[in-house]
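Below is one structure; the comments refer to it alone.
In the UniProt record's numbering, the protein residues as written are 1 to 209.
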């Protein structure tokens with residue numbers, strides 16, 4: 001009831017909120033730059049940046065998947081106007097994560113990267129998750145939405161397997177250290193968000209004659 005009585009945001013309010021959200025999403029980059037200027041990127045800066053960009057990619061993914069449930073709970077359709085930006089930030093931090101691995105760990109050597117993909121399952125799963133994310137980032141514009149039609153929605157539903165692959169990738173990384181606390185936390189959050197997106201759909205189907 002509260003959601004249905006909520007007053008929708010005005011164009012001015014959403015116009016203020018989106019730039020603010022954009023700045024918030026840049027916080028990790030600003031933090032890395034600040035730590036770099038301070039010489040405080042730990043004893044192993046490449047490892048820190050690879051790990052940190054991966055964590056922030058997961059955070060951005062959680063925020064992206066939270067948009068639809070929040071829109072339903074708060075009764076604010078304008079929140080959907082933030083989803084594309086959050087999705088692109090998810091891709092941005094994921095791409096930094098992959099590029100950090102490719103540059104610092106494998107020296108941009110295609111053969112070395114291929115060996116890593118073949119021999120290390122967590123690398124293969126991470127790269128596999130990037131494939132649909134790349135396609136979604138490229139086709140995120142209105143022009144591509146018009147060109148692809150119904151196929152656009154099918155492509156962008158791949159965010160669900162991306163979320164599963166991302167948690168699996170994280171779990172395999174932490175398996176070597178037997179440290180799963182963060183994995184369970186992100187897995188639980190993503191699982192709840194996926195459930196929150198799917199349950200209302202089931203409810204609507206059940207109400208159909």
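By construction, the Cβ of each residue, glycine as well, lies at the ideal position given by its N, Cα and C atoms.
Note that this is a predicted model, so its numbers are computed, not measured.
Would you kindly work out how many angstroms separate the C-alpha atoms of residue i and residue j, rounded to a whole number?
{"i": "residue 199", "j": "residue 57", "result": "25 Å"}
{"i": "residue 202", "j": "residue 11", "result": "Residue placement at residue 202 cannot be trusted, given a pLDDT of 47 that sits under 50; the coordinates are not used to answer."}
{"i": "residue 135", "j": "residue 158", "result": "10 Å"}
{"i": "residue 149", "j": "residue 143", "result": "10 Å"}
{"i": "residue 33", "j": "residue 146", "result": "38 Å"}
{"i": "residue 38", "j": "residue 31", "result": "11 Å"}
{"i": "residue 175", "j": "residue 16", "result": "43 Å"}
{"i": "residue 85", "j": "residue 171", "result": "27 Å"}
{"i": "residue 96", "j": "residue 29", "result": "10 Å"}
{"i": "residue 218", "j": "residue 162", "result": "Coverage of the chain is limited to positions 1 through 209, which leaves residue 218 absent and any answer about it impossible."}
{"i": "residue 204", "j": "residue 98", "result": "Confidence is the limiting factor: at residue 204 the pLDDT is only 48, short of 50, which leaves the residue's position unreliable and the question unanswerable from this model."}
{"i": "residue 138", "j": "residue 192", "result": "28 Å"}
{"i": "residue 71", "j": "residue 18", "result": "15 Å"}
{"i": "residue 106", "j": "residue 119", "result": "14 Å"}
{"i": "residue 178", "j": "residue 184", "result": "12 Å"}
{"i": "residue 180", "j": "residue 154", "result": "32 Å"}
{"i": "residue 108", "j": "residue 115", "result": "12 Å"}
{"i": "residue 209", "j": "residue 151", "result": "Any reading at residue 209 must be qualified, since the residue scores a pLDDT of 33, below 50, and its modelled position is unreliable; the value itself is stated next. Distance between the alpha carbons of residue 209 and residue 151: 28 Å."}
{"i": "residue 173", "j": "residue 190", "result": "18 Å"}
{"i": "residue 182", "j": "residue 52", "result": "13 Å"}
{"i": "residue 128", "j": "residue 66", "result": "23 Å"}
Smallest Cα separation from residue i: which of the options?
{"i": "residue 186", "options": "61, 12, 78", "result": "61"}
{"i": "residue 141", "options": "127, 131, 25, 156", "result": "156"}
{"i": "residue 195", "options": "131, 47, 69, 110", "result": "69"}
{"i": "residue 94", "options": "124, 116, 178, 50", "result": "50"}
{"i": "residue 122", "options": "192, 54, 44, 40", "result": "54"}
{"i": "residue 87", "options": "132, 126, 147, 148", "result": "132"}
{"i": "residue 44", "options": "172, 100, 175", "result": "100"}
{"i": "residue 91", "options": "23, 64, 105, 78", "result": "64"}
{"i": "residue 9", "options": "80, 128, 166", "result": "80"}
{"i": "residue 166", "options": "24, 151, 153, 188", "result": "188"}
{"i": "residue 47", "options": "103, 25, 67", "result": "103"}
{"i": "residue 130", "options": "152, 192, 164, 115", "result": "164"}
{"i": "residue 160", "options": "26, 197, 173", "result": "197"}
{"i": "residue 23", "options": "89, 42, 128, 35", "result": "89"}
{"i": "residue 7", "options": "66, 76, 152, 182", "result": "76"}
Is DSSP giving residue i helix, strand or coil here?
{"i": "residue 9", "result": "coil"}
{"i": "residue 78", "result": "helix"}
{"i": "residue 18", "result": "helix"}
{"i": "residue 43", "result": "coil"}
{"i": "residue 26", "result": "coil"}
{"i": "residue 37", "result": "helix"}
{"i": "residue 193", "result": "helix"}
{"i": "residue 176", "result": "coil"}
Considering only the beta carbon of each residue, do residue i and residue j sit closer than 8 Å?
{"i": "residue 82", "j": "residue 21", "result": "yes"}
{"i": "residue 169", "j": "residue 117", "result": "no"}
{"i": "residue 112", "j": "residue 14", "result": "no"}
{"i": "residue 35", "j": "residue 41", "result": "yes"}
Spell out whether any CB of chain B is found under 8 Å from the CB atom of residue i.
{"i": "residue 62", "result": "Looking at the structure shown, chain B is missing, and only one protein chain is on hand."}
What are the complete alpha helix (DSSP H) segments, minimum 4 residues, inside the region 84 to 170? 110 to 119, 121 to 138, 142 to 148, 150 to 156
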